[in-house]
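Taken in order, these protein sequences are the chains called C and E.
Numbering-wise, numbering that gives the first Met the number 0 puts 160 at position 161 of the first sequence, and it's gapless, one number per residue.
Numbering-wise, numbering that gives the first Met the number 0 puts 50 at position 51 of the second sequence, and it's gapless, one number per residue.
Since the structure comes first, as structure tokens, the remarks are kept for the end.
Number of protein chains: 2
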Amino acid sequence: MLTALAGGVGAAKFLSGLVAVVDPASVTAIVNTADDDEFHGLRISPDLDSVTYTLAGAQNVAQGWGLAGETFATMDALDRYGVPTWFRLGDRDIATHLFRTQALAAGAPLSEVTARIAAAWGLATRLLPVTDDPLATRITVRRADGREETLRMQEWFVKERSESPVVAVGFAGAETATPGPGVLEAIAGAETVIVCPSNPVISIGPILAVPGVREALVARRDRVVGVSPIIAGAPVKGPADRLMDPLGIEVSCVGVARAYADFCSTLVIDSRDASRVAEVEAAGVRAVVADTLMTDSRIAAALARETLASVA
Amino acid sequence: MLTALAGGVGAAKFLSGLVAVVDPASVTAIVNTADDDEFHGLRISPDLDSVTYTLAGAQNVAQGWGLAGETFATMDALDRYGVPTWFRLGDRDIATHLFRTQALAAGAPLSEVTARIAAAWGLATRLLPVTDDPLATRITVRRADGREETLRMQEWFVKERSESPVVAVGFAGAETATPGPGVLEAIAGAETVIVCPSNPVISIGPILAVPGVREALVARRDRVVGVSPIIAGAPVKGPADRLMDPLGIEVSCVGVARAYADFCSTLVIDSRDASRVAEVEAAGVRAVVADTLMTDSRIAAALARETLASVA
């Protein structure tokens, strides 16, 4: 049994490579929920949906989020009503949100709703929200006039295109959140725990912030392997650099190694970062060099294979 | 000022004729809300939306409901989740339902939400839900095995295609519902009150069932004129015959006249029913003969003009 800590797009790509080389039913993904939000009364879970849609082969590859062949008739029609439509929900995607919103309103926990959505997409892989409790990334930015403002993750990321300079990141609800059903067991019982190439601050960070999760990982440190989401000093996609740097995390595989060192024994870094092996290892993390830029499914599968081999 | 009691499609056609011959801003439509329901967590108001979309010129004329050029991507995608999708919501229509559902959840009464939707569609005509309180048509049918079952209106009408034989009709909530803001005033203050050609049992019936409304109409009887929705013994569209007959209302303009006689002084009947003028008048209702089959906007406008002239 394998367990993976997952954010959105990067994790989804890695997981699709992983399930190509191992039995998909042997994989449990513990997924970040701190990007979740509500728009137009609909409960959205961007990372859970990215992983679900990608594992189902239904994702929009070019766009990096949502479903392939998606249409936006509802969003276009919502413009008429003068409500904010900067967070674009596709028509087919809305079906997922309607289903989730109604199931949650009926009292089902997110973990159960997630399992039903995954089943509806025919996934054999188990997806576990890191928590069924409220957990929300809050990003404090500095405005041009020096004033600080705290934004919801999607406000900063989508509405403000990650442009507003970050001064702090917090996870509302983290103190009282409890790990979702099966989360700690999946870490404790896994042969290997993989930290997918996801944003260390706002994808992996919230998972670690749920009390008990980091401790569970520390206890399995020898069997925890990460894949650096930073290649040659830059994220493959997304705003990791704009979050790591202000928080004092070097935007490099070395910075990732230092951030993960207490719970992660091994880090897969990109071949473009081969010169930094010694620095990674100086952080107490064994470095393994591989091609981590998953430009196609063959590379993703090879990366998954090498990641598993690195702690074999 | 003119006030109209309105159900869905027939009323919407009539009203579009009316606003072609009088100032749209002089018209108030009191609209049935007892067909309202909730699907996938979305609050739908079929009659309010039919009137809104039709007055905005955006309705699907061929289909008789919903928006022209509508797509159904969300509904098709919902099928995956195993939820009932027999009530088809179009993608653009869903925007209206999302807006309404969220506004209601935020505490706005339906009357206020309706005004915002009408404004968004640029309507000058005032649309008033008959009540802001819960009001729901319940249709009791007899099953093949003799057993009786009570259905929500949309279950009977859409899911069961009006095929199950009706034994009774009720309006849940009617006893405690109060007329919406402006409803009684619109009846009391109108120069003329028009009962649109809508289903007497489940479109006009619930409006009359809200305490105070029928009394307000009775007080204005001389200025109340109805348009028969029954032509030559059959409804133009919809299941009026399947509801009137089991409830002992003759499926004819004469049956309509008898049902409306206590609050309606004049009934416009179709030229195909000219032979029944004496029977209508025997019910105490003055009969006016006109072409009531609104196959195009010109006929709808002419009917509106003749309806107004009938009580001039």
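Cβ atoms here follow ideal geometry from the backbone N, Cα and C, with glycine treated the same way.
- prompt: For the segment 80 to 92 of chain E, which residues have a beta carbon sitting closer than 9 Å to at least one beta carbon of chain C?
  reply: Per Cβ criterion, the list reads Y80, G81, V82, G89, D90, R91 and D92.
task: Verify whether the separation of the beta carbon atoms of L54 of chain E and L122 of chain E is less than 7 Å.
output: Residue 54 of chain E sits at position 55 when you count from the first residue of the second sequence. Residue 122 of chain E sits at position 123 when you count from the first residue of the second sequence. L54 of chain E places its beta carbon less than 7 Å from that of L122 of chain E.
message: P133 of chain C and G172 of chain C - do their beta-carbons sit closer together than 7 Å?
response: Locating residue 172 of chain C in the first sequence gives position 173, counting from the first residue. Locating residue 133 of chain C in the first sequence gives position 134, counting from the first residue. G172 of chain C is a Cβ neighbour of P133 of chain C, given a cutoff of 7 Å.
- prompt: Can you name the start and end residues of the beta strand (DSSP E) that E37 of chain E belongs to?
  reply: Sequence index remark: in the second sequence, residue 37 of chain E carries index 38 (1-based). Run containing E37 of chain E: D36 to F38, per the beta strand (DSSP E) assignment.
- prompt: In chain E, which residues lie less than 8 Å from L97 of chain C when you measure between Cβ atoms?
  reply: Locating residue 97 of chain C in the first sequence gives position 98, where the first residue counts as 1. Result: H39, G40, L41, T73 and L77.
task: Pick helix, strand or coil for I186 of chain C, following the three-state DSSP scheme.
output: One-based indexing of the first sequence puts residue 186 of chain C at position 187. In the structure shown, I186 of chain C sits in a helix (DSSP, three-state: H, G or I).
query: Can you give, in chain order, each stretch of the beta strand (DSSP E) that sits fully within the segment 157 to 228 of chain E and has at least 3 residues?
result: Runs found: 165 to 171, 191 to 194 and 223 to 226.
- prompt: What residues in its chain sit with their C-beta under 8 Å from that of A72 of chain C, if we drop five residues either side in the sequence?
  reply: Looking up residue 72 of chain C in the first sequence gives position 73. Excluding residues within five positions, the ones whose Cβ falls inside 8 Å are D90.
- prompt: Any residues in the segment 101 to 131 of chain C with a beta carbon nearer than 8 Å to a beta carbon of chain E? Which ones, in chain order?
  reply: Those would be Q101, A104, R115, I116, A119 and W120, in chain order.
task: With 9 Å as the limit, tell me which residues of the segment 211 to 235 of chain E have their beta carbon closer than that to any beta carbon of chain C; keep them in chain order.
output: Taken residue by residue, none of the segment 211 to 235 of chain E has a beta-carbon sitting less than 9 Å from a beta-carbon on chain C.
Whether D272 of chain C touches C252 of chain C by CB criterion (7 Å): Taking the first sequence and counting its residues from 1, one reaches residue 272 of chain C at position 273. Taking the first sequence and counting its residues from 1, one reaches residue 252 of chain C at position 253. With a cutoff of 7 Å on beta-carbon distance, D272 of chain C and C252 of chain C are scored as near each other.
query: Is there a Cβ from chain C that is less than 7 Å from the Cβ of T70 of chain E?
result: Counted from its first residue, the second sequence places residue 70 of chain E at position 71. True, the Cβ-Cβ gap to chain C drops below 7 Å.
message: Please identify the residue among C:K12, C:L1, C:L4 and C:T2 whose C-alpha is closest to the C-alpha of S296 of chain C.
response: In the first sequence, residue 296 of chain C corresponds to position 297, counting from 1. Each of C:K12, C:L1, C:L4 and C:T2 was checked against the Cα of S296 of chain C, and the nearest Cα belongs to C:K12.
query: A289 of chain E: beta carbon under 6 Å from a heavy atom of the ligand MN?
result: This structure does not include the ligand MN; it has no bound ligands of any sort.
message: Can you list, in chain order, the residues of its chain with a C-beta nearer than 7 Å to that of P128 of chain E? Leave out the 5 residues immediately preceding and following it.
response: Numbered from 1 along the second sequence, position 129 holds the residue referred to as residue 128 of chain E. Around P128 of chain E: V30, T32, L47, L109, S110, T113 and G179.
- prompt: Would the beta-carbon of V168 of chain C fall within 7 Å of that of P196 of chain C?
  reply: Locating residue 168 of chain C in the first sequence gives position 169, counting from the first residue. Locating residue 196 of chain C in the first sequence gives position 197, counting from the first residue. Between V168 of chain C and P196 of chain C, the CB-CB gap reaches or exceeds 7 Å.
message: I need the boundaries of the alpha helix (DSSP H) containing T306 of chain C, first residue and last residue.
response: Here residue 306 of chain C corresponds to residue number 307 of the first sequence, with the count starting at 1. Counting along the chain, the alpha helix (DSSP H) containing T306 of chain C begins and ends at S296 to S309.
task: Determine whether the Cβ of A94 of chain E lies closer than 7 Å to any Cβ atom of chain C.
output: Position 95 of the second sequence holds residue 94 of chain E. Chain C places a beta carbon closer than 7 Å to that of A94 of chain E, counting this residue as a contact.
task: Can you check DSSP and say which residues form a bridge with A135 of chain E?
output: Residue numbering aside, residue 135 of chain E sits at position 136 when the second sequence is read from its first letter. In the DSSP assignment, the residues bridged to A135 of chain E are E:A171.
- prompt: So, do the segment 200 to 213 of chain E and the segment 233 to 246 of chain E have three or more beta carbon pairs nearer to each other than 8 Å?
  reply: Contact between the segment 200 to 213 of chain E and the segment 233 to 246 of chain E is present, because at least three Cβ pairs lie under 8 Å.
query: Are R257 of chain E and A286 of chain E closer than 7 Å when you measure CB to CB?
result: Residue 257 of chain E sits at position 258 when you count from the first residue of the second sequence. Residue 286 of chain E sits at position 287 when you count from the first residue of the second sequence. Contact: no.
- request: Return helix, strand or coil for L122 of chain E, following the three-state DSSP convention.
  value: Locating residue 122 of chain E in the second sequence gives position 123, where the first residue counts as 1. In the three-state reduction of the DSSP assignment, L122 of chain E falls in the coil class, being assigned neither a helical nor a strand state.
- request: Whole angstroms is fine: what's the gap from L292 of chain C's alpha carbon to I298 of chain C's?
  value: Within the first sequence, residue 292 of chain C is the residue found at index 293, counting from 1. Within the first sequence, residue 298 of chain C is the residue found at index 299, counting from 1. Those two C-alpha atoms are separated by around 8 Å.
- prompt: Mind checking whether L126 of chain E and A57 of chain E have CB atoms under 7 Å apart?
  reply: In the second sequence, residue 126 of chain E corresponds to position 127, counting from 1. In the second sequence, residue 57 of chain E corresponds to position 58, counting from 1. If you check the CB distance, L126 of chain E and A57 of chain E do not come in under 7 Å.
task: Taking the CB atoms as reference points, tell me whether L88 of chain E and M74 of chain E lie closer together than 7 Å.
output: Residue numbering aside, residue 88 of chain E sits at position 89 when the second sequence is read from its first letter. Residue numbering aside, residue 74 of chain E sits at position 75 when the second sequence is read from its first letter. Yes, these two residues count as a Cβ contact at 7 Å.
task: State the start and end residues of the unbroken beta strand (DSSP E) segment that holds T84 of chain C.
output: In the first sequence, the residue the question calls residue 84 of chain C occupies position 85. Premise fails: T84 of chain C is in no beta strand (DSSP E) and is neither H nor E.
- prompt: Does the separation of the CB atoms of L1 of chain E and A189 of chain E fall below 7 Å?
  reply: On the second sequence, position 2 is the one that residue 1 of chain E refers to. On the second sequence, position 190 is the one that residue 189 of chain E refers to. Yes.
field: Assumed close pair I138 of chain C, V165 of chain C - CB separation to whole angstroms, cut-off 8 Å
entry: On the first sequence, residue 138 of chain C is found 139 positions in, with the first residue counted as 1. On the first sequence, residue 165 of chain C is found 166 positions in, with the first residue counted as 1. The Cβ separation is near 6 Å, so the contact holds.
message: Between which residues of its own chain and D244 of chain E is the CB-CB distance below 6 Å, once the five residues before and five after are set aside?
response: Position 245 of the second sequence, counted from the start, is the residue given in the question as residue 244 of chain E. These residues qualify, in order along the chain: V250.
message: Please classify W335 of chain E as buried or exposed, where buried requires at least 16 other C-beta atoms within 10 Å of its C-beta.
response: Nothing about residue 335 of chain E can be reported from this structure: the residues present for chain E run from 0 to 311 only.
message: Please state whether the Cβ-Cβ distance between R213 of chain C and V192 of chain C is less than 7 Å.
response: Stepping through the first sequence from its first residue, residue 213 of chain C is reached at position 214. Stepping through the first sequence from its first residue, residue 192 of chain C is reached at position 193. The answer is no: Cβ separation not under 7 Å.
query: What residues are listed by DSSP as bridge partners for D269 of chain C?
result: On the first sequence, position 270 is the one that residue 269 of chain C refers to. Paired residue(s): C:A289.
- request: Pick out whichever of C:A208, C:P45, C:A301 and C:D144 has its Cα sitting closest to the Cα of T130 of chain C.
  value: Counted from its first residue, the first sequence places residue 130 of chain C at position 131. Comparing Cα positions, the closest option is C:A208.
message: Going by the DSSP bridge assignment, what does R42 of chain C pair with across the sheet?
response: Taking the first sequence and counting its residues from 1, the one referred to as residue 42 of chain C is at position 43. Per DSSP, C:E37.
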